[in-house]
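Asker:
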Amino acid sequence: MNLDKVILDYLYSLQETQGVSKRLLKTADIECKIVKLVGGQREYNHHYGYRFLFDSISKLMEEGILVPLAAPVTNGKKPSLHQKYWLIPKEVQYQWNPRQMAKVMRHLNLEFYIRNKHCQTLKEWELIQCIYDFMVIRESCVVINREERSNSLFKHIKLPDKIEPEKFLSSSSGKALMNRLNLTPADLKYKWVREPFHFWKNEKASAANMREVLIIEGLPTYNTIKEYLQTDLPWYFGPFPGLIVWGEGYRIESTINYLQEVAGKVESLNIRYLGDLDYEGFNIFINLKQKNRRLHISLALPFYLFLLKFKTEFKTGVTKKQRIVEKNLIHLRQEFVGYEVEFGVLHELWMHKERIAQECINFETILRKGEYLEWKGY
Numbered sequence: 013m014n015l016d017k018v019i020l021d022y023l024y025s026l027q028e029t030q031g032v033s034k035r036l037l038k039t040a041d042i043e044c045k046i047v048k049l050v051g052g053q054r055e056y057n058h059h060y061g062y063r064f065l066f067d068s069i070s071k072l073m074e075e076g077i078l079v080p081l082a083a084p085v086t087n088g089k090k091p092s093l094h095q096k097y098w099l100i101p102k103e104v105q106y107q108w109n110p111r112q113m114a115k116v117m118r119h120l121n122l123e124f125y126i127r128n129k130h131c132q133t134l135k136e137w138e139l140i141q142c143i144y145d146f147m148v149i150r151e152s153c154v155v156i157n158r159e160e161r162s163n164s165l166f167k168h169i170k171l172p173d174k175i176e177p178e179k180f181l182s183s184s185s186g187k188a189l190m191n192r193l194n195l196t197p198a199d200l201k202y203k204w205v206r207e208p209f210h211f212w213k214n215e216k217a218s219a220a221n222m223r224e225v226l227i228i229e230g231l232p233t234y235n236t237i238k239e240y241l242q243t244d245l246p247w248y249f250g251p252f253p254g255l256i257v258w259g260e261g262y263r264i265e266s267t268i269n270y271l272q273e274v275a276g277k278v279e280s281l282n283i284r285y286l287g288d289l290d291y292e293g294f295n296i297f298i299n300l301k302q303k304n305r306r307l308h309i310s311l312a313l314p315f316y317l318f319l320l321k322f323k324t325e326f327k328t329g330v331t332k333k334q335r336i337v338e339k340n341l342i343h344l345r346q347e348f349v350g351y352e353v354e355f356g357v358l359h360e361l362w363m364h365k366e367r368i369a370q371e372c373i374n375f376e377t378i379l380r381k382g383e384y385l386e387w388k389g390y
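In our numbering, the protein residues as written are 13 to 390.
1. Compute the Euclidean distance between the alpha carbons of G254 and T328, then round it to the nearest angstrom.
2. Would you check if there are 3 or more beta carbon pairs closer than 8 Å linking the segment 373-382 to the segment 166-181?
3. Whole-angstrom Cβ separation of L134 and G76, contact assumed at under 8 Å?
4. Under 8 Å, do I107 and T233 count as touching if we go by C-beta distance?
5. Just to confirm the assignment, what range does the alpha helix (DSSP H) spanning K129 have?
6. Would you identify the three-state DSSP class for W212, choosing helix, strand or coil?
7. Based on Cα-Cα distance, which residue from C44, R158, V85, V148 lies nearest to V116?
8. Tell me whether I169 sits in a helix, a strand or coil according to DSSP, three-state version.
9. Could you tell me which of W212, N157, S218, V274 sits nearest to T236, measuring between CA atoms?
10. Look at the alpha carbon of F93 and the alpha carbon of L15, and state the distance between them as a whole number of angstroms.
11. Quick check on D41: buried or exposed, where buried means 16 or more other Cβ atoms within 10 Å of its Cβ?
12. To the nearest angstrom, how far is it from the Cα of Q112 to the Cα of L226?
13. If you measure from the CB of W204, is any heavy atom of the ligand GDP nearer than 7 Å?
14. Quick check: the segment 237-252 against the segment 213-224, are at least 3 beta-carbon pairs closer than 8 Å?
15. Look at the alpha carbon of W204 and the alpha carbon of I264, and state the distance between them as a whole number of angstroms.
16. Less than 8 Å separating the beta-carbons of Y316 and L289?
17. For Y285 and L311, which I take to be in contact (beta-carbon distance under 8 Å), what is that distance rounded to the nearest angstrom?
18. Keeping to the same chain, check which residues put their C-beta closer than 8 Å to that of S162; ignore five residues upstream and five downstream.
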């Protein structure tokens with residue numbers, strides 16, 4: 013029995029028939045109805061009905077379909093739910109504040125929403141507010157990669173379908189929002205990197221630095237570092253790399269195979285890895301290191317120190333399911349020898365299921381915050 017589907021279908025059916033006014037629902041009444049739908053209390057308990065009820069109501073709250081009362085009272089169960097919720101109608105009649113709309117319209121085109129009032133949802137307004145906040149300071153910003161811009165815009169809100177913030181603008185939901193607001197990449201000052209550059213030799217590097225290799229897991233960050241190295245800006249992130257390589261996520265293992273062709277004797281290289289500061293990012297790194305024990309592979313530590321220093325600003329929750337390997341913490345502790353405080357911050361993020369996307373390393377953040385690493389000795 014798919015109890016989750018039973019509960020959601022019932023609540024969605026209530027929303028379909030309620031008209032344009034919000035409706036007050038009692039959690040106890042919802043549970044009684046579900047008990048009847050599944051064939052009785054015994055069947056409900058057998059399938060852990062309350063757990064599914066809790067998860068379903070939590071999901072609908074995230075979607076903005078169920079909204080708690082201003083002064084909620086819990087039902088006394090564990091995990092607790094509120095006794096009552098407002099059910100928001102499928103088509104809400106003009107619920108945005110006209111004054112707030114007028115303010116936002118100084119920078120954004122809201123004609124679509126004026127014509128289609130049913131799209132004036134609380135969640136849509138939250139997304140628009142993120143873009144509006146950027147448009148206010150747009151002139152002080154520089155062009156960065158799409159995923160980097162997406163992360164900077166949406167990293168502090170919950171996104172539909174648990175999309176990670178750096179991927180929202182490239183998602184169907186993000187593209188739809190851009191179309192509704194008549195926005196272009198130029199408006200949000202981002203560029204879309206279409207071609208994968210697998211590796212790049214740094215002509216500014218000395219002969220000694222040609223043994224320094226930086227493998228970057230994500231394409232947008234790879235291109236940012238490549239462009240940064242071509243400027244005359246100061247380098248804050250450890251040994252000056254003679255070669256940077258795009259790791260392509262879990263395809264990074266194949267990267268090692270062609271390093272021999274590009275850089276000569278691979279055993280003599282100092283290989284440093286940069287990826288997302290989350291479970292999967294560390295899985296990729298540790299898997300790569302353990303499969304290539306003969307090589308000198310380590311974290312590109314200065315980048316991680318940079319991300320951890322500004323974790324309050326950069327961190328987001330882990331919204332998509334990731335494989336958690338607890339023993340990886342032992343390996344990571346070895347990478348952070350001498351930086352126990354920073355490892356403690358990493359451990360805190362790990363325990364709270366929080367992450368920092370590598371897209372937080374971009375021209376804007378480096379120019380504004382990169383000097384932090386100077387006094388760290390890099």
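Every residue, glycine too, gets a C-beta built ideally from N, C-alpha and C.
Answerer: Reading from the atomic positions:
1. Here the question's residue 254 lines up with position 242 in the sequence shown. Here the question's residue 328 lines up with position 316 in the sequence shown. Approximately 32 Å, taken between the alpha carbons.
2. Output reads no: the segment 166-181 does not touch the segment 373-382.
3. For the purposes of this step, residue 134 is taken as the residue at position 122 of the sequence shown. For the purposes of this step, residue 76 is taken as the residue at position 64 of the sequence shown. Right, the Cβ-Cβ distance comes to about 5 Å (below 8 Å), so this counts as a contact.
4. As a working mapping, residue 107 is identified with position 95 in the sequence shown. As a working mapping, residue 233 is identified with position 221 in the sequence shown. The sequence shown places Gln at residue 107, rather than the Ile named in the question. No, Cβ-Cβ distance for Q107 and T233 is not below 8 Å.
5. The count along the sequence shown starts at 1 and reaches residue 129 at position 117. Neither: K129 is in no alpha helix (DSSP H) and is coded neither H nor E.
6. To locate residue 212, count along the sequence shown from 1; it is residue 200. Looking at W212 - three-state DSSP - the assignment turns out to be strand.
7. Working through the sequence shown from its first residue, we reach residue 116 at position 104. Closest option to V116, Cα to Cα, is V148.
8. Taking the first residue of the sequence shown as 1, we reach residue 169 at position 157. Correct three-state label for I169: coil.
9. If you number the sequence shown from 1, residue 236 lands on position 224. Closest option to T236, Cα to Cα, is N157.
10. As a first step, residue 93 is located in the sequence shown; it is residue number 81 there, counting from the start. As a first step, residue 15 is located in the sequence shown; it is residue number 3 there, counting from the start. One point to set straight first is that residue 93 is Leu, not Phe, in the sequence displayed. In a straight line, the C-alpha of L93 is about 18 Å away from that of L15.
11. Against the sequence shown, residue 41 aligns to sequence position 29. Its Cβ having fewer than 16 others within 10 Å, D41 is exposed.
12. Here the question's residue 112 lines up with position 100 in the sequence shown. Here the question's residue 226 lines up with position 214 in the sequence shown. Cα to Cα, Q112 sits roughly 47 Å from L226.
13. Here there are no bound small molecules, and the ligand GDP is not part of this structure.
14. With the cut-off at 8 Å, the segment 213-224 and the segment 237-252 touch.
15. Counting from 1 along the sequence shown, the entry for residue 204 is found at position 192. Counting from 1 along the sequence shown, the entry for residue 264 is found at position 252. Distance between the alpha carbons of W204 and I264 is about 22 Å.
16. Along the sequence shown, read from residue 1 onward, the residue named residue 316 stands at position 304. Along the sequence shown, read from residue 1 onward, the residue named residue 289 stands at position 277. In contact: Y316 and L289 (Cβ atoms closer than 8 Å).
17. In the sequence shown, residue 285 corresponds to position 273, counting from 1. In the sequence shown, residue 311 corresponds to position 299, counting from 1. Yes, Y285 and L311 are in contact; Cβ-Cβ is about 6 Å, under 8 Å.
18. Counting from one through the sequence shown, the residue named residue 162 turns up at place 150. Excluding sequence neighbours, S162 sits near P177, E178, K179, F180, L181, S182, G186, Y202, E371.
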